[in-house]
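A.B. asks:
Protein chains: 2
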Amino acid sequence: MISETPQRRTKRDVLAEFRHAEILAAARGVFAEKGFAGASVDEIAQAAGVAKGTIYLYYPSKRDIYLAALREGLSALAAKTQEKVWGVESLHDKIRAYVETKLRYCDEHRDFFKIYFAELGNMVTQHATPDSGFEKVFLDQVALLEDAICQGRSLGDARDLPARYVAFAIANLTRGAVTQRLVGWTEGSIEREVELLVDLAWKGISSQ
Amino acid sequence: MISETPQRRTKRDVLAEFRHAEILAAARGVFAEKGFAGASVDEIAQAAGVAKGTIYLYYPSKRDIYLAALREGLSALAAKTQEKVWGVESLHDKIRAYVETKLRYCDEHRDFFKIYFAELGNMVTQHATPDSGFEKVFLDQVALLEDAICQGRSLGDARDLPARYVAFAIANLTRGAVTQRLVGWTEGSIEREVELLVDLAWKGISSQ
DNA sequence: TGAGTTACTGACCGTTCGGTCAGTTGACTG
DNA sequence: CAGTCAACTGACCGAACGGTCAGTAACTCA
Chain A
0 MISETPQRRT KRDVLAEFRH AEILAAARGV FAEKGFAGAS VDEIAQAAGV
50 AKGTIYLYYP SKRDIYLAAL REGLSALAAK TQEKVWGVES LHDKIRAYVE
100 TKLRYCDEHR DFFKIYFAEL GNMVTQHATP DSGFEKVFLD QVALLEDAIC
150 QGRSLGDARD LPARYVAFAI ANLTRGAVTQ RLVGWTEGSI EREVELLVDL
200 AWKGISSQ
Chain B
0 MISETPQRRT KRDVLAEFRH AEILAAARGV FAEKGFAGAS VDEIAQAAGV
50 AKGTIYLYYP SKRDIYLAAL REGLSALAAK TQEKVWGVES LHDKIRAYVE
100 TKLRYCDEHR DFFKIYFAEL GNMVTQHATP DSGFEKVFLD QVALLEDAIC
150 QGRSLGDARD LPARYVAFAI ANLTRGAVTQ RLVGWTEGSI EREVELLVDL
200 AWKGISSQ
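Have a look at this one:
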């Protein structure tokens, strides 16, 4: 503890940050294409334009790269979703905001979503990469909807169904739609898809 | 072609069939717990109570065991679903049959479903175990619903939404519900869950 | 009983791959 | 220009694992 902690980021910090981002971007691409098991660190290094050793200067293990990629995208998505959902008033708009945010984000971050959904699928077998706080983020998203529904119900917008259950239903509907897009089973515009999904969900839950 | 082909199964056939089944059952358990990549052939052999070499007397590769387990469960599930859906008349009943069959089957064949859903998730990254005919089976299930909806619509039961799209929605709703059960996020009875799901879907699509 | 046959075994092989570290590069300093 | 040091490299290591096959056990039948 000799000198003051520097206020400005040093050149070193900038470089480190750059490398972290660079490696993460490369990793996302490789993981999205081959899955966690199928991807090799050599491949990621090559994609990032560095030697394998360099990778390990910035991340302690392959798994950590994976988790970092997952977490980064996940928190961005969660933040954006929350912002959009909280930014509107009615339950109907909140549901639309939820669905639309996911679908748009999926279009812009296909690689991340591929990793995300593959991991969601594997949660069933290996009990979700332990400790990643992964399930929590997912459940938080559902809770977001759940709150909106409770609120909407108290205003007489929604009929009396278990809120958590309905929230899951909407989340599942959305997840399915996004998956279909990733696999290429959907071709229509996002706008139309949002319209259809929200309409369906709304008919299902509104108090007529 | 000297002798007549024997009508009765030889002792040998019985043994082979027994071993196949035994290995497949063991493999299902291991794959369900660890996923394809995480499972080792040694482990499967141990679970089946045979040596590793024996495994290769009955299946040519690890991947083939996996596919066999997948296919077996898949065709049984598809057959059962079709039977139930075709066994009732109205669209409402057909939807209930679809949902109920999946949920019940999931309860009775958890290991299979874990593999199945993990694979569904990985379809997004590795383009579905090539050639497994995997996507086809899934899409056939959706087509089952699609047909029912078209039919129901012509009878005035359902409002005018793209049938394929609605079919996907119901499939997604169901898949989500099953996943939740597998992960342990649902505790209610199957009956109640079927009720809720069908009700929701029905409200969403019926022509009031 | 023993010769022949079939089912099974598990040590072994080759490869892949995550992770390491001794060595190289090149920027900066005095 | 010599010396220092942090960033980077890639050959290397060891473990894990899919798959093989020479050898053994067990069963059949004369």
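Chain order of the listed sequences is A and B.
In terms of numbering that gives the first Met the number 0, the first sequence opens at residue 0 and continues consecutively.
In terms of numbering that gives the first Met the number 0, the second sequence opens at residue 0 and continues consecutively.
Note that CB positions come from ideal geometry on N, CA and C, so glycine has one too.
1. Under DSSP, the alpha helix (DSSP H) around G72 of chain B begins and ends at which residues?
2. Rounding to the nearest angstrom, what Cα-Cα distance links M122 of chain B and Q81 of chain B in this structure?
3. Between the stretch 43-75 of chain A and chain B, which residues of the former have a C-beta closer than 8 Å to a C-beta of the latter?
4. Taking just the CA atoms, how far does V13 of chain B sit from I22 of chain B?
5. V136 of chain A to G72 of chain A, Cα distance in whole Å?
6. Return helix, strand or coil for A38 of chain A, following the three-state DSSP convention.
7. Can you grab the Cα-Cα spacing for the pair L154 of chain A / F133 of chain B, in whole Å?
8. Given this structure, state the Cα-to-Cα distance separating V182 of chain A from A168 of chain A, to the nearest angstrom.
9. The stretch 143-174 of chain B: which residues have C-beta closer than 8 Å to a C-beta of chain A, in chain order?
10. Below 6 Å CB to CB, which residues in the same chain sit around G151 of chain A once its five sequence neighbours on both sides are set aside?
11. Measure the C-alpha to C-alpha separation of E42 of chain A and D63 of chain A and round it to an integer number of angstroms.
12. Quick one: what's got a C-beta closer than 7 Å to V177 of chain A's C-beta in the same chain, skipping five residues either side?
13. Please tell me whether V182 of chain A has its Cβ less than 8 Å away from any Cβ of chain B.
14. From the DSSP output, in three-state form, read off A157 of chain B for me.
15. In terms of DSSP beta bridges, what is S205 of chain A paired with?
16. Going by C-alpha distance, which of B:E16, B:G203, B:G37 is nearest Y57 of chain B?
17. Please identify, using Cβ separations under 9 Å, the residues of the stretch 18-35 of chain A that lie next to chain B, in order along the chain.
18. Would you mind sorting K83 of chain B into buried or exposed? The rule is 16 or more other CB atoms within 10 Å of its CB.
19. What separation, rounded to the nearest whole angstrom, lies between the Cα atoms of A26 of chain A and W85 of chain B?
20. If you measure between the beta carbons of E145 of chain A and A166 of chain A, is that distance less than 8 Å?
C.D. replies: Let me spell this out:
1. Numbered from its first residue, the second sequence carries residue 72 of chain B at position 73. Where G72 of chain B is concerned, the enclosing alpha helix (DSSP H) starts and stops at 61-85.
2. Working through the second sequence from its first residue, we reach residue 122 of chain B at position 123. Working through the second sequence from its first residue, we reach residue 81 of chain B at position 82. Approximately 24 Å, taken between the alpha carbons.
3. none
4. One-based indexing of the second sequence puts residue 22 of chain B at position 23. One-based indexing of the second sequence puts residue 13 of chain B at position 14. Pairing I22 of chain B with V13 of chain B, the inter-Cα distance amounts to about 14 Å.
5. For this step, residue 136 of chain A is matched to residue 137 along the first sequence. For this step, residue 72 of chain A is matched to residue 73 along the first sequence. Their Cα atoms are separated by approximately 11 Å.
6. Counting from 1 along the first sequence, the entry for residue 38 of chain A is found at position 39. When secondary structure is reduced to three states using DSSP, A38 of chain A falls in the coil class, being assigned neither helix nor strand.
7. Stepping through the first sequence from its first residue, residue 154 of chain A is reached at position 155. Stepping through the second sequence from its first residue, residue 133 of chain B is reached at position 134. About 45 Å.
8. If you number the first sequence from 1, residue 182 of chain A lands on position 183. If you number the first sequence from 1, residue 168 of chain A lands on position 169. Whole-angstrom Cα-Cα distance: 21 Å.
9. L160, P161, Y164, V165, F167, A168, A170, N171, L172, R174
10. Stepping through the first sequence from its first residue, residue 151 of chain A is reached at position 152. Excluding residues within five positions, the ones whose Cβ falls inside 6 Å are L90, A157.
11. On the first sequence, residue 42 of chain A is found 43 positions in, with the first residue counted as 1. On the first sequence, residue 63 of chain A is found 64 positions in, with the first residue counted as 1. Going by the C-alpha atoms only, they are around 16 Å apart.
12. The count along the first sequence starts at 1 and reaches residue 177 of chain A at position 178. The answer, listed in chain order, is K101, L102, C105, F112.
13. Here residue 182 of chain A corresponds to residue number 183 of the first sequence, with the count starting at 1. Answer yes: the Cβ-Cβ gap between V182 of chain A and chain B drops below 8 Å somewhere.
14. The residue labelled residue 157 of chain B in the question sits at position 158 within the second sequence. DSSP places A157 of chain B in strand when its eight states are reduced to three.
15. Counting from 1 along the first sequence, the entry for residue 205 of chain A is found at position 206. Looking at the DSSP assignment, S205 of chain A forms a beta bridge with A:A157.
16. Here residue 57 of chain B refers to the residue found at position 58 when the second sequence is read from its first residue. Of the listed residues, the one whose Cα sits closest to Y57 of chain B is B:E16.
17. Here the close residues are F30, A31, E32, K33, G34, F35.
18. Residue mapping note: residue 83 of chain B aligns to position 84 of the second sequence, counting from 1. Per the 10 Å Cβ criterion, buried.
19. Here the question's residue 26 of chain A lines up with position 27 in the first sequence. Here the question's residue 85 of chain B lines up with position 86 in the second sequence. Their backbone Cα atoms lie some 47 Å apart in a straight line.
20. The residue you call residue 145 of chain A lines up with position 146 of the first sequence. The residue you call residue 166 of chain A lines up with position 167 of the first sequence. Going by beta carbons, E145 of chain A and A166 of chain A fall inside the 8 Å limit.
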